Amino acid sequence: MSLNRVLRRGIAASAALTATAVTCLLTSSTASAGAGAAAPPPPHAGFDYQIGGAYTPPAGVEVVSRDAGASPAPGLYNICYLNAFQAQPGAEGDWDPDLLLRDADGEVVYDGEWGEAVLDIRTADKRERIAAKVGGWIDGCADKGFQAVEPDNFDTFTRFPDLLTADQATSYVALLSAHAHEQGLAAAQKNTPQLAVARERTGLDFAVAEECGVYDECGEYTAAFGDDVLVVEYTAEGLRKACSGWGERLSIVRRDIEVSPAGSGGHVRQTC
Numbered sequence: 018m019s020l021n022r023v024l025r026r027g028i029a030a031s032a033a034l035t036a037t038a039v040t041c042l043l044t045s046s047t048a049s050a051g052a053g054a055a056a057p058p059p060p061h062a063g064f065d066y067q068i069g070g071a072y073t074p075p076a077g078v079e080v081v082s083r084d085a086g087a088s089p090a091p092g093l094y095n096i097c098y099l100n101a102f103q104a105q106p107g108a109e110g111d112w113d114p115d116l117l118l119r120d121a122d123g124e125v126v127y128d129g130e131w132g133e134a135v136l137d138i139r140t141a142d143k144r145e146r147i148a149a150k151v152g153g154w155i156d157g158c159a160d161k162g163f164q165a166v167e168p169d170n171f172d173t174f175t176r177f178p179d180l181l182t183a184d185q186a187t188s189y190v191a192l193l194s195a196h197a198h199e200q201g202l203a204a205a206q207k208n209t210p211q212l213a214v215a216r217e218r219t220g221l222d223f224a225v226a227e228e229c230g231v232y233d234e235c236g237e238y239t240a241a242f243g244d245d246v247l248v249v250e251y252t253a254e255g256l257r258k259a260c261s262g263w264g265e266r267l268s269i270v271r272r273d274i275e276v277s278p279a280g281s282g283g284h285v286r287q288t289c
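Throughout the sequence shown, residue numbering follows the numbering used here, covering 18 to 289 in sequence.
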């Protein structure tokens, strides 16, 4: 499991796309062949974000997101969380060396103090090879009975603007969404509100938005995905703002920063 965006926000904020760059992306967009192949989660449903550890969903929950290593919650709509743009800490050896992003000195690029090596999506060949490996994980999600996938770290390019681009990230995530659709799964856009407008190109079906309430970004997601947006907040103020502006339309939950399972120290789960 990759750490959630609340720990990345300060790094990414300075690298946000300009309106001109987004317009260029849209100009070159083409609809993904598999888009719309699977149903997104039911809108405005009870939601729980369990990527830090699975536990019995509270009463009223209809939609759950869990790590790919976990099993789906019986009888619910289950989303399978994948770290799709970065290697898990210590898992560099699971990847071909040339698929790890490297700096000008040939050193592997790591994303922050959590020690995740960044994957190199700069060429079409590398994107296809990485997508093939992640596609195997998507197949595993389908085999387990998940209904959707949540490829995390779509926004990695914002933290390394000298090495990666939005166009590369968009091209790569489109491969993942197409494969998910082939397996009968919906695919989520994880964060990255500036690329919600590229939905036709990415083929993504719904959004999982961390902290869109506290940062006034929920409208950017709904403009592209309508009510098919799942909101995760990590503070009382974020929950208040999300519920005040979007509580009648969107699925909203507050979790603790570690998204820890129920019964463990620090566990927080609140809703509107």
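Glycine residues also receive a C-beta, built at the ideal position from the N, C-alpha and C atoms.
In this text the structure is predicted, and so the values were computed from the model without any measurement.
Practice task
Let me know if residue 121 comes out buried or exposed under the rule of 16 or more other beta-carbons within 10 Å of its beta-carbon.
Solution key: Residue numbering aside, residue 121 sits at position 104 when the sequence shown is read from its first letter. When all chains shown are included, residue 121 counts as exposed.
Practice task
Measure the C-alpha to C-alpha separation of residue 256 and residue 166 and round it to an integer number of angstroms.
Solution key: Here the question's residue 256 lines up with position 239 in the sequence shown. Here the question's residue 166 lines up with position 149 in the sequence shown. Roughly 24 Å separates the two Cα atoms.
Practice task
Tell me, please, which residues DSSP counts as bridged to residue 80.
Solution key: Counted from its first residue, the sequence shown places residue 80 at position 63. DSSP, once it has assigned bridges, lists 64, 94 as partnering residue 80.
Practice task
Would you kindly check if the distance between the Cβ of residue 223 and the Cβ of residue 91 is under 8 Å?
Solution key: On the sequence shown, residue 91 is found 74 positions in, with the first residue counted as 1. On the sequence shown, residue 223 is found 206 positions in, with the first residue counted as 1. No, Cβ-Cβ distance for residue 91 and residue 223 is not below 8 Å.
Practice task
Assign residue 245 to one of two classes, buried (16 or more other C-beta atoms within 10 Å of its C-beta) or exposed (fewer than that).
Solution key: As a position in the sequence shown, residue 245 is number 228, starting the count at 1. Buried is the call here.
Problem - Three-state class that DSSP yields for residue 164 in the structure shown - result: Here residue 164 refers to the residue found at position 147 of the sequence shown. Three-state result, residue 164: coil.
Problem - Beta-carbon spacing of residue 137, residue 176 below 8 Å - result: The residue labelled residue 137 in the question sits at position 120 within the sequence shown. The residue labelled residue 176 in the question sits at position 159 within the sequence shown. Taking 8 Å as the Cβ cut-off, residue 137 and residue 176 do not qualify as a contacting pair.
Practice task
Specify the secondary structure class of residue 119 as computed by DSSP and reduced to three states.
Solution key: One-based indexing of the sequence shown puts residue 119 at position 102. It is a strand residue.
Handout entry: C-alpha distance - residue 289 paired with residue 98, whole-angstrom precision
Key = To locate residue 289, count along the sequence shown from 1; it is residue 272. To locate residue 98, count along the sequence shown from 1; it is residue 81. Residue 289 and residue 98: Cα-Cα distance of roughly 24 Å.
Exercise for the section: Alpha carbon to alpha carbon, how far is residue 152 from residue 270? Give it in angstroms, no decimals. Expected result: Locating residue 270 in the sequence shown gives position 253, where the first residue counts as 1. Locating residue 152 in the sequence shown gives position 135, where the first residue counts as 1. Taking the straight line joining both Cα atoms gives about 29 Å.
Exercise for the section: Using DSSP bridges, identify the partner residues of residue 223. Expected result: By 1-based counting over the sequence shown, the position of residue 223 is 206. Answer by DSSP bridge pairing, in chain order: 205.
Handout entry: Rounded C-alpha distance that separates residue 195 from residue 228
Key = By one-based count along the sequence shown, residue 195 stands at place 178. By one-based count along the sequence shown, residue 228 stands at place 211. So the alpha carbons of these two residues sit roughly 27 Å apart.
Handout entry: Check whether residue 135 and residue 103 have beta carbons under 8 Å apart
Key = Position 118 of the sequence shown, counted from the first residue, corresponds to residue 135. Position 86 of the sequence shown, counted from the first residue, corresponds to residue 103. For residue 135 and residue 103, yes; Cβs fall inside 8 Å.
Handout entry: Same chain, Cβ closer than 7 Å to residue 69, five either side skipped, listed in chain order
Key = The residue you call residue 69 lines up with position 52 of the sequence shown. These residues qualify, in order along the chain: 18, 275, 276, 277, 278.
Problem - Simplified DSSP state of residue 99, which is helix, strand or coil - result: What you label residue 99 is simply residue 82 of the sequence shown in a count that begins at 1. Strand, per DSSP.
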